[in-house]
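Numbering (my numbering), first residue to last: 371 to 707. Heads up, the beta-carbon is just placed ideally off N, CA and C, and yes, glycines get one too. None of the values given here were measured: they were computed from a predicted structure. One structure is given below, encoded as structure tokens.
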Ligand SMILES: Cc1ncc(C[n+]2csc(CCOP(=O)(O)OP(=O)(O)O)c2C)c(N)n1
Ligand SMILES: [Mg+2]
């Protein structure tokens with residue numbers, strides 16, 4: 371029986387982390403959040419300096435990305451949208467690979483099989499059926515890998531979302547669907563996206579469990595994802611997780627949200643940002659010191675400095691690559707000479 375728990379799950383307001391997480395796990399979650407935060411903040415600077423192209427900012431989405439992926443093993447697959455472009459960092463993917471993707475350089479096109487991370491998906495929701503298919507395929511082969519797909523609130527209005535989640539449910543495929551509900555699809559608010567009370571409610575229509583979590587609470591996201599991954603691996607089928615928060619950065623570097631967003635609300639939400647909240651929790655528990663936090667940040671900054679240097683040191687791509695997979699026989703106006 372499909373059930374959606376109506377309340378928004380929170381952990382950080384209390385005094386105890388989820389059972390099974392050691393101090394080193396809690397610090398590793400912190401390190402990953404800082405790495406993603408630093409990647410994102412440096413990327414906005416690199417964009418302004420003309421060193422990467424248009425960039426989809428994920429500031430304050432780190433709790434969702436780090437918390438949801440932490441229960442995954444290396445054999446499990448991740449299907450990112452453009453909002454999770456840097457998720458490979460949590461598996462040790464070099465920063466320069468992702469920076470090259472945003473620079474439009476072919477060395478940014480990693481092979482999904484090398485990392486068990488699908489290509490960054492820019493069309494909204496088209497990777498949801500890919501994740502469902504991969505999960506089903508793993509099941510047919512008797513492998514116990516799980517597929518986790520990330521997408522936004524706007525993606526839940528797409529046919530591909532419906533097809534993918536429904537297919538995974540019908541096939542009882544080991545998939546976890548993580549909806550990053552940041553309240554906006556560029557300038558379309560979530561209220562204009564659906565008449566459903568919550569996005570997790572959509573799970574009922576597919577006959578699968580739905581969970582709502584505070585998307586700024588890394589431990590709540592982790593706990594929900596761990597349950598979903600364990601259920602999927604044990605043959606219990608897919609889960610839809612709705613991680614709720616509010617987008618406080620522009621949609622992308624090409625967007626000016628002051629034309630449509632409530633700037634006072636943005637300020638309020640920025641004050642509750644997810645990394646600071648997690649650091650305060652760890653400090654309250656005596657697990658994190660400000661010296662340790664500072665050294666994690668400076669390590670992450672060094673990773674990004676080395677990453678952009680390595681990306682910029684690479685030779686520019688051969689322009690003919692643009693057409694390499696486009697034509698068997700290039701038309702005459704595209705042939706040299
Ligand atoms: C199939 C498709 N339609 C339209 C677009 C243009 N587009 C790019 S981002 C976006 C908004 C998506 O919003 P949401 O799913 O909430 O994800 P978020 O950007 O908030 O993470 C749209 C409509 C697209 N990329 N693909
Ligand atoms: Mg959105």
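{"Asked": "Which residues DSSP lists as bridging residue 584, in chain order", "Found": "614"}
{"Asked": "Contact belief for residue 609 with residue 631 at Cβ below 8 Å, rounded distance in angstroms", "Found": "Contact flag wrong, Cβ pair sits at about 31 Å."}
{"Asked": "Reduced DSSP secondary structure (H/G/I, E/B, other) of residue 403", "Found": "helix"}
{"Asked": "Near ligand 1: residue 494 beta-carbon under 6 Å from a heavy atom", "Found": "yes"}
{"Asked": "Endpoints, the beta strand (DSSP E) within which residue 548 is located", "Found": "545 to 551"}
{"Asked": "Proximity winner among 618, 529, 460, 389, relative to residue 493 (alpha-carbon distances)", "Found": "529"}
{"Asked": "N-terminal and C-terminal residue of the alpha helix (DSSP H) that residue 472 is part of", "Found": "465 to 472"}
{"Asked": "Exposure of residue 452, with buried meaning 16 or more beta-carbon neighbours within 10 Å", "Found": "buried"}
{"Asked": "Stretch pair the region 548 to 565 + the region 519 to 536: three plus CB contacts closer than 8 Å", "Found": "yes"}
{"Asked": "Proximity test, residue 626 beta-carbon vs ligand 1 heavy atom, cut-off 6 Å", "Found": "no"}
{"Asked": "Residue 520 - containing beta strand (DSSP E), residue span", "Found": "517 to 522"}
{"Asked": "Backbone CA spacing between residue 396 and residue 604 [nearest angstrom]", "Found": "25 Å"}
{"Asked": "Endpoints, beta strand (DSSP E) assigned at residue 448", "Found": "447 to 449"}
{"Asked": "Residue 381 - DSSP class collapsed to helix/strand/coil", "Found": "coil"}
{"Asked": "Ligand 1 heavy atom lying under 6 Å from the CB of residue 523", "Found": "yes"}
{"Asked": "Separation of residue 418 from residue 687, as counted between CA atoms", "Found": "22 Å"}
{"Asked": "C-beta atoms of residue 483 and residue 534 nearer than 7 Å", "Found": "no"}
{"Asked": "Status (buried if at least 16 other CB within 10 Å, exposed otherwise) for residue 694", "Found": "exposed"}
{"Asked": "Heavy atom of ligand 4 within 6 Å of residue 395 beta-carbon", "Found": "Of the ligands this structure carries, namely ligand 1 and ligand 2, none is ligand 4."}
{"Asked": "Own chain, CB closer than 6 Å to residue 593, minus 5 neighbours either side, in chain order", "Found": "388"}
{"Asked": "Completely contained alpha helix (DSSP H) runs for the region 613 to 680, where each covers 4 or more residues", "Found": "633 to 640, 644 to 654"}
{"Asked": "Heavy atom of ligand 2 within 6 Å of residue 430 beta-carbon", "Found": "no"}
{"Asked": "Three-state secondary structure (DSSP) of residue 424", "Found": "coil"}
{"Asked": "Nearest residue (CA-CA) to residue 576, options 542, 384, 514, 626", "Found": "542"}
{"Asked": "Alpha carbon of residue 689 to alpha carbon of residue 696, nearest angstrom", "Found": "13 Å"}
{"Asked": "Cβ pair count under 8 Å reaching 3, the region 456 to 473 against the region 433 to 441", "Found": "yes"}
{"Asked": "Ligand 2 heavy atom lying under 6 Å from the CB of residue 479", "Found": "no"}
{"Asked": "Residue 552: CB within 6 Å of a non-hydrogen atom of ligand 1", "Found": "yes"}
{"Asked": "Cβ separation of residue 545 and residue 573, assumed to be a contact under 8 Å, to the nearest whole Å", "Found": "No, residue 545 and residue 573 are not in contact; Cβ-Cβ is about 12 Å, not under 8 Å."}
{"Asked": "Buried versus exposed call for residue 612 [16 or more other C-beta atoms within 10 Å across all chains shown]", "Found": "buried"}
{"Asked": "Cβ distance (whole Å) where residue 455 is taken to contact residue 480 below 8 Å", "Found": "Residue 455 to residue 480, Cβ: 11 Å. No contact."}
{"Asked": "Nonlocal neighbours in the same chain, by C-beta distance under 6 Å from residue 627, ignoring five residues either side", "Found": "620"}
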